[in-house]
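In this text, residue positions in the sequence shown follow the numbering used here: the first is 114, and each later residue adds one. Using N, Cα and C, we set each Cβ at its ideal position, and we do this for glycine too.
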Amino acid sequence: MIVTARKLSEVKLNNEYLRVDTDVSALKKSLESVGLINPVTVNLENELLAGARRFQAVSELGWEEIPVQVVDRDELVQELISIDENLVRAPLNHLQLEKCLNRGRELYESLHPTANKVDLSAEEPTGEEKQKQKELDEQDEDSFAAITAEKTGLSKSVIKGAIKRDALASDAVKKARGAGELNATKTNEIIKLDKEKQEEILPLIADKTVKETRKIVAAAKAGGVEAAVEVSAQVVPLPREYSQILSPVKRVNKNITRILVEELRYDGPERKKINEELRQLRDNLVQYFETIGAGE
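Shown next as structure tokens:
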């Protein structure tokens with residue numbers, strides 16, 4: 114590996130993993146104070162592989178040259194270097210993270226054919242299989258999930274789940290996730306189906322809870338799309354407002370019960386605000402049961 118310098122105008126930014134549109138204000142202050150400690154990484158063709166934020170910062174500061182380390186490696190290793198930089202240094206949204214993790218897995222397993230492979234099976238493991246997998250995970254030190262867990266601080270299970278979502282989800286499912294229509298948990302359910310079925314089932318779970326989605330996916334696996342449509346039609350949609358209220362209400366009830374049982378008192382500055390909120394809650398509950406909840 115050679116460390117030298119390049120004119121900024123000579124460095125080529127044609128790498129799909131580069132992120133040169135982020136906030137680098139803090140990094141610029143550091144560069145003005147102590148300079149660039151870690152050179153960016155380029156290949157023999159001056160294509161930037163790693164260090165996009167550093168490159169962006171020095172560009173905004175008006176530097177003409179930048180220290181670089183030049184690597185002479187094959188294309189797969191170069192791509193893996195770029196992915197590794199993204200995973201370790203830059204915050205990614207969930208789809209970007211999953212794409213980087215899955216592509217990184219592909220490259221790593223290609224370059225290290227004897228390493229433990231990440232299981233991409235869509236089947237739900239049995240209890241016995243889960244226990245066996247847990248034991249294997251504890252011993253695993255050379256899979257892509259294991260080495261990435263050490264670098265990023267993410268758990269192996271989180272990494273494997275992210276990889277599966279990118280590898281097994283159809284384009285339509287990924288698009289729905291990008292639009293905020295699907296969360297990771299619902300995605301974990303629908304990717305149990307093949308990609309063609311995912312596209313057919315997707316409209317059926319758009320407004321469903323995770324529990325309802327699980328039933329619809331199970332019906333699709335057992336009896337096909339028609340069975341899933343039938344199950345979906347039987348589900349009474351739970352409005353988002355109701356689904357979001359259950360957990361907070363449980364917590365409020367638990368805390369109020371504890372306050373009453375233990376006769377806890379609070380006479381601090383927040384007491385007036387707390388009592389006002391509780392009175393408002395009481396009034397809303399009375400109105401709720403007089404209108405919507407009557408007779409239940």
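Excluding five sequence neighbours on each side, which residues of the same chain lie with their C-beta closer than 8 angstroms to the C-beta of residue i?
i	result
Asp197	Ala163, Gly217 and Lys264
Asn156	Leu162, Val183, Val184, Asp185, Arg186 and Gln191
Leu121	Phe168, Val171, Ser172, Trp176, Glu177, Glu178 and Ile179
With a 10 Å radius around its C-beta and 16 neighbouring C-beta atoms as the bar for buried, classify residue i as buried or exposed.
i	result
Ser138	exposed
Lys212	buried
Ala289	buried
Asn128	buried
Tyr355	exposed
Leu377	exposed
Thr404	exposed
Ala262	buried
Asp279	buried
Leu398	exposed
Ile314	buried
Ser345	buried
May I have the straight-line CA-CA distance separating residue i from residue j, to the nearest angstrom?
i	j	result
Leu149	Pro180	8 angstroms
Lys243	Glu236	12 angstroms
Thr300	Ile372	39 angstroms
Ala341	Gln357	25 angstroms
Gln400	Leu131	55 angstroms
Gly293	Asn199	23 angstroms
Asp396	Pro316	38 angstroms
Ala228	Asn215	16 angstroms
Glu343	Pro352	20 angstroms
Glu375	Glu389	22 angstroms
Thr154	Ile115	10 angstroms
Report all residues from its chain with a CB closer than 7 angstroms to the CB of residue i; omit the five preceding and five following residues, and keep chain order.
i	result
Asp250	Lys269
Ala259	Asp253 and Lys269
Val231	Arg218, Ser256, Phe257, Ala258, Lys273 and Ile276
Lys310	Ala333 and Val338
Leu189	Leu220, Ser223 and Leu224
Looking at residue i: is its Cβ nearer than 9 angstroms to the Cβ of residue j?
i	j	result
Ala208	Gly291	In the sequence as presented, Ala is not what sits at residue 208; that position holds Leu. Their beta carbons are under 9 angstroms apart, which means Leu208 touches Gly291 by this criterion.
Val330	Ile303	yes
Leu295	Ala333	no
Leu126	Glu145	no
Lys385	Pro350	no
Val348	Lys328	yes
Asn151	Val124	no
I'd like the list of long-range same chain contacts for residue i, defined as Cβ closer than 6 angstroms, with 5 residues on each side in sequence excluded.
i	result
Ala118	Glu178 and Pro180
Leu281	Ala235 and Ile304
Thr326	Lys299, Glu302 and Ile318
- Message: Could you tell me which whole alpha helix (DSSP H) segments of length 4 or greater appear in the segment 151-235?
- Response: With a minimum length of 4 residues, the continuous alpha helix (DSSP H) runs that stay inside the segment 151-235 are 165-173, 188-202 and 207-224.
- Message: Restricting to runs no shorter than 4 residues, where is the alpha helix (DSSP H) found entirely within the segment 260-348?
- Response: Whole alpha helix (DSSP H) segments, 4+ residues: 269-281, 284-291, 297-303, 308-318 and 323-347.
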